[in-house]
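Peer 1:
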Amino acid sequence: MIRDARGPQAAEVLSDAVQRLRAGHLVAMPTETVYGLAADADQAEAVARIFAAKGRPSDHPLIVHIGGTTPAEREGALTHYATAVPNFARALMAAFWPGPLTLILPRRPGVAETAAGAQASIGLRCPAHPVAQALLAACHAAGIRGLAAPSANRFGRVSPTQAAHVAAELGTLSDPELLILDGGACPVGIESTIVDCTRAEPVLLRPGMIGHAQLERTLGRAVRDRDAAAPRASGTLASHYAPQAKVRLMDAAELQTALDLLGAQARDLAIYHRSPLHCVSAHVRLRPMATEADAAARELFAALRELDDGQTRLIWVERPPADPAWDGVRDRLQRAAA
Numbered sequence: 007m008i009r010d011a012r013g014p015q016a017a018e019v020l021s022d023a024v025q026r027l028r029a030g031h032l033v034a035m036p037t038e039t040v041y042g043l044a045a046d047a048d049q050a051e052a053v054a055r056i057f058a059a060k061g062r063p064s065d066h067p068l069i070v071h072i073g074g075t076t077p078a079e080r081e082g083a084l085t086h087y088a089t090a091v092p093n094f095a096r097a098l099m100a101a102f103w104p105g106p107l108t109l110i111l112p113r114r115p116g117v118a119e120t121a122a123g124a125q126a127s128i129g130l131r132c133p134a135h136p137v138a139q140a141l142l143a144a145c146h147a148a149g150i151r152g153l154a155a156p157s158a159n160r161f162g163r164v165s166p167t168q169a170a171h172v173a174a175e176l177g178t179l180s181d182p183e184l185l186i187l188d189g190g191a192c193p194v195g196i197e198s199t200i201v202d203c204t205r206a207e208p209v210l211l212r213p214g215m216i217g218h219a220q221l222e223r224t225l226g227r228a229v230r231d232r233d234a235a236a237p238r239a240s241g242t243l244a245s246h247y248a249p250q251a252k253v254r255l256m257d258a259a260e261l262q263t264a265l266d267l268l269g270a271q272a273r274d275l276a277i278y279h280r281s282p283l284h285c286v287s288a289h290v291r292l293r294p295m296a297t298e299a300d301a302a303a304r305e306l307f308a309a310l311r312e313l314d315d316g317q318t319r320l321i322w323v324e325r326p327p328a329d330p331a332w333d334g335v336r337d338r339l340q341r342a343a344a
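See below:
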């Protein structure tokens, strides 16, 4: 059930959502990155419903979303979930919250253990989307400290960036019918950057639209890349974000050579590309990709869903540029092709 959470009925819709969350049910909510499948992070049985609905391994931790547009408003939620917040983590919060940045912090024992995948750490994020902010504020007023909310799709599949995507993936959920809060298309379009803050120095676990260089400029210090000591985190498995059709990354020259070799016999194939291509087959779908990284991120998952129409067996994607601005898009495509 999709309900618009932005119009004149917004207060009523949000009230319904909070009642469902207090009762231990799930609600799909928009964020600036992707739509999330939310539950009260402190209700273990409710969080377990997220894992069951997605088919997600219970040891693969979820990100907990907290509200507040000022540091003071966020402090209560931070101290509820985390035992320590290092100064460099606070600097990142000041620079990028609310926004598409998740920080991994030491978890307070006995709190949100199911959401954390039983790890001693927990991922926290303050989303910028106005509907997410309004829902979190209403939840706070009702005694809900945070919402565990991974992407609202089957585990490992393409993330949803529109309410209709959630309905197509999870709309058959019962107990009760899933409430999907419609907040429009997600303006960022790929999941948040994740930084591990459980050690003496920051470690980048997953790239997003907040890049490595931005993090280092903000902190005035080096940000290390993921290593073997890193905690488990959302969206870091080798294979993820994958459509049903097989994805292959190729250079523009490789794409054109392959099309030339297949000629008019090419079938069941879609190509997502930036460079001009020539194709003689009427059975190949060509889908232009945005040439700027932020626009490509915004359209990426919707484009993959569009091309993955049940008729397509192969999706060839032009490899993103090596520019660091494309790190988040490149990461998602590499995992989709894995």
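Numbering (my numbering), first residue to last: 7 to 344.
The beta carbon of each residue, even a glycine, is placed where N, CA and C say it ideally should be.
#1: Rounded to a whole number of angstroms, what is the C-alpha to C-alpha distance between residue 49 and residue 30?
#2: Please check the pair residue 304 and residue 193, which I expect to be a contact at CB under 8 Å, by giving their CB distance rounded to whole angstroms.
#3: Quick check on the DSSP output: what are the complete beta strand (DSSP E) runs of length 3 or more inside the region 266 to 336, in order along the chain?
#4: Using C-beta distances below 8 Å, list every residue in its chain close to residue 264, excluding the 5 sequence neighbours before and after it, in chain order.
#5: Got a sec? Which residues, its chain only, sit under 8 Å from residue 309 by beta carbon, not counting five neighbours each side?
#6: Rounded to the nearest angstrom, what separates residue 76 and residue 99 at their Cα positions?
#7: For residue 41, I'd like the list of residues in its chain whose CB is within less than 6 Å of its CB, leaving aside the five on either flank, ordered along the chain.
#8: How would you write the range of the alpha helix (DSSP H) that residue 187 sits in, first residue to last?
#9: Identify, in the order they occur along the chain, each residue of the same chain with its Cβ nearer than 7 Å to the Cβ of residue 101, setting aside the five sequence neighbours on each side.
#10: Out of curiosity, what's the CA-to-CA distance linking residue 302 and residue 82?
#11: Does DSSP put residue 30 in a helix, a strand or coil?
#12: Going by beta carbon distance, what residues of the same chain come within less than 7 Å of residue 55, once the five residues before and after it are set aside?
#13: Going by other Cβ atoms of all chains shown within 10 Å of its Cβ, with 16 needed for buried, is residue 178 buried or exposed?
#14: Is it buried or exposed for residue 129, if we count other Cβ within 10 angstroms and need 16 for buried?
#15: State the start and end residues of the unbroken beta strand (DSSP E) segment that holds residue 108.
#16: The beta strand (DSSP E) that contains residue 199, what's its start and end?
#17: In angstroms with no decimal places, state the Cα-to-Cα distance between residue 53 and residue 319.
#18: To the nearest angstrom, report how far apart residue 276 and residue 188 are at their CA atoms.
#19: Look at residue 86 and residue 133 and say whether their C-beta atoms are less than 8 Å apart.
#20: Can you tell me which residues form a DSSP beta bridge with residue 71?
#21: Is it buried or exposed for residue 341, if we count other Cβ within 10 angstroms and need 16 for buried?
#22: According to DSSP, residue 252 sits in a beta bridge with which residue or residues?
Peer 2: In short:
#1: 7 Å
#2: 7 Å
#3: 275 to 279, 290 to 294, 320 to 324
#4: 256, 322, listed in sequence order.
#5: Counting only Cβ-Cβ distances below 8 Å, and skipping sequence neighbours, we find 278, 293, 295.
#6: Using only the alpha carbons, I get a separation of about 10 Å.
#7: 34, 158, 166, 172
#8: Careful: residue 187 lies outside any alpha helix (DSSP H), inside the beta strand (DSSP E) at 185 to 188.
#9: 224
#10: 36 Å
#11: Residue 30: coil per DSSP, three-state reduction.
#12: 32, 45
#13: exposed
#14: By the Cβ neighbour-count rule, residue 129 is buried, with 16 or more other Cβ atoms within 10 Å of its own.
#15: 107 to 112
#16: 199 to 202
#17: 35 Å
#18: 29 Å
#19: no
#20: 131, 153
#21: buried
#22: 320
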